[in-house]
Amino acid sequence: MLVDDPPERGAHGGDQGEHTMTMSRTTTIGAVLVVGALALTGCSTADTGPRDATAASRTAAPEPTPTPTPTAEADASDGVGGTAAGAQPEDLTFEDGAQLSPTRLPAFGVSVSSLQNWELTRSDPSAGSTEYTRSDGAVATVTQQRVTGLDPTMDDRAATEQLFRAAGAPVEGLEEQLLPTAGGGTAQFLSIAGQADGEWTATVARAFARPGVALTVEIVVPSRDVLRDDLHEILVNAQVVIT
1 MLVDDPPERG
11 AHGGDQGEHT
21 MTMSRTTTIG
31 AVLVVGALAL
41 TGCSTADTGP
51 RDATAASRTA
61 APEPTPTPTP
71 TAEADASDGV
81 GGTAAGAQPE
91 DLTFEDGAQL
101 SPTRLPAFGV
111 SVSSLQNWEL
121 TRSDPSAGST
131 EYTRSDGAVA
141 TVTQQRVTGL
151 DPTMDDRAAT
161 EQLFRAAGAP
171 VEGLEEQLLP
181 TAGGGTAQFL
191 SIAGQADGEW
201 TATVARAFAR
211 PGVALTVEIV
221 VPSRDVLRDD
231 LHEILVNAQV
241 VIT
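Per full-length UniProt numbering, the sequence shown starts with residue 1, numbered consecutively.
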């Protein structure tokens, strides 16, 4: 285990809970399925504060080919639980993914102003990724991308496991994480952490099968001692938005 205390269900809550993940030699997910990046601008969020609508994943695959992004327009019955077009669902469980409109796209809205110890060091809209570097040497990559090869009727947990499996990550080692949503609730993600070549890494991801989108946060740190805290700083400020 990454830490000695028992795993918690979820990583984000009102008490800013700790992240607990299973150790494994990790690889970047989604390389087999990713085909294009989402547009990174124009994502509405629940607040009016400065938010950088970013997203993310450092991939070992060739640079993805951009694909047309579906319009964010939807009729009044679209969205989780029949919410009106443009409304933000409170929670996004894996089961809730089946109720998402295929034309409303999940994305990350990163609160850059809250990342006081981080600097934006790279942005690649064509790959749908943004990189942040921390003063302690940690590097976090936030990615949102279109994916292909997913059955749109598949449960989002199974779709997320498929992403990890395609990258060679052990599905039995995945832990659940909860990230904040623009609606004031949480979204379910899966994660795995490990060590390779002297660096400690963690990958947190969610596939949304119906709209065909993958959201990923990957962090690389020089020391195990800072992995959990540095990842926590990123995750609590990576708000999931439905555009």
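For each residue, glycine too, the CB sits at the ideal point set by N, CA and C.
Please read all numbers here as calculations on a predicted model, not as lab measurements.
#### Entry: Option nearest Phe233 by Cα separation, candidates Ala140, Ser223, Gln188, Leu190
With the sequence shown as reference, residue 233 is identified as Glu, and Phe is not the correct amino acid for it. It is Ala140.
#### Entry: Reduced DSSP category for Thr133 - H, G, I as helix; E, B as strand; rest coil
strand
### Task
Only counting runs of 3 or more residues, tell me where the beta strand (DSSP E) segments fall wholly within the region 172-210, in order along the chain.
175-180, 186-196, 199-208
#### Entry: For Ser111, the three-state DSSP class (helix, strand or coil)
coil
### Query
Grouping DSSP H, G and I as helix and E and B as strand, with all else coil, what is Val236?
coil
### Task
Reducing DSSP to helix, strand and coil, say where Thr243 ends up.
coil
### Query
Which residues in the same chain have their Cβ closer than 7 Å to the Cβ of Phe208, if we skip the five residues on either side of it in sequence?
Gly97, Leu100, Pro106, Asp156
### Query
If you draw a straight line from the alpha carbon of Gly185 to that of Val236, how long is it in whole angstroms?
12 Å
#### Entry: Nearest to Val217 (by Cα), restricted to the options Phe189, Glu199, Gly198, Val226
Phe189
### Task
Reducing DSSP to helix, strand and coil, say where Leu100 ends up.
coil
### Message
Rounding to the nearest angstrom, what Cα-Cα distance links Ala238 and Ala167 in this structure?
### Response
23 Å
### Message
I'd like to check one pair, Asn117 with Arg134: are the Cβ atoms closer than 8 Å?
### Response
yes
### Query
Relative to the C-alpha of Leu231, which residue among Ala187, Asp91, Ile219 is closest?
Ile219
#### Entry: Anticipated Cβ contact below 8 Å, Thr148 with Leu92, distance rounded
Rounded, the Cβ-Cβ distance is 22 Å, inconsistent with contact.
### Query
Under the rule that 16 or more other beta-carbon atoms within 10 Å means buried, what is Val204, buried or exposed?
buried
### Task
Look up Leu120 in the DSSP assignment and say whether it is helix, strand or coil.
strand
### Query
Apart from the five residues on each side of it in sequence, which residues of its chain come closer than 6 Å, Cβ to Cβ, to Asp136?
Val226
### Message
Let me confirm a value: Ala138 is counted as buried when at least 16 other C-beta atoms fall within 10 Å, else exposed. Which label applies?
### Response
buried
### Message
Using the three-state DSSP reduction, which class does Gln88 fall into: helix, strand or coil?
### Response
coil
### Task
For Val142, count neighbouring Cβ atoms within 10 angstroms of its own Cβ and tell me buried if that reaches 16, exposed if not.
buried
#### Entry: Cut-off 8 Å between Cβ atoms - residues of its own chain near Leu150, not counting five sequence neighbours on either side
Leu33, Ala159, Gln162, Ala207, Ala209, Gly212
### Query
Do you know how far the Cα of Phe94 is from the Cα of Gly183?
16 Å
### Query
Would you report the Cα separation of Val153 and Pro170, rounded to the nearest angstrom?
According to the sequence as given, residue 153 is Thr; it is not Val. Approximately 23 Å, taken between the alpha carbons.
### Task
Check whether the Cβ atoms of Val241 and Gly109 lie closer than 8 Å to each other.
yes
### Task
Measure the alpha-carbon distance for Pro125 versus Leu215 and round it to whole angstroms.
14 Å
### Message
Quick check on the burial criterion: 16 or more other C-beta atoms within 10 angstroms. Buried or exposed for Gly194?
### Response
buried
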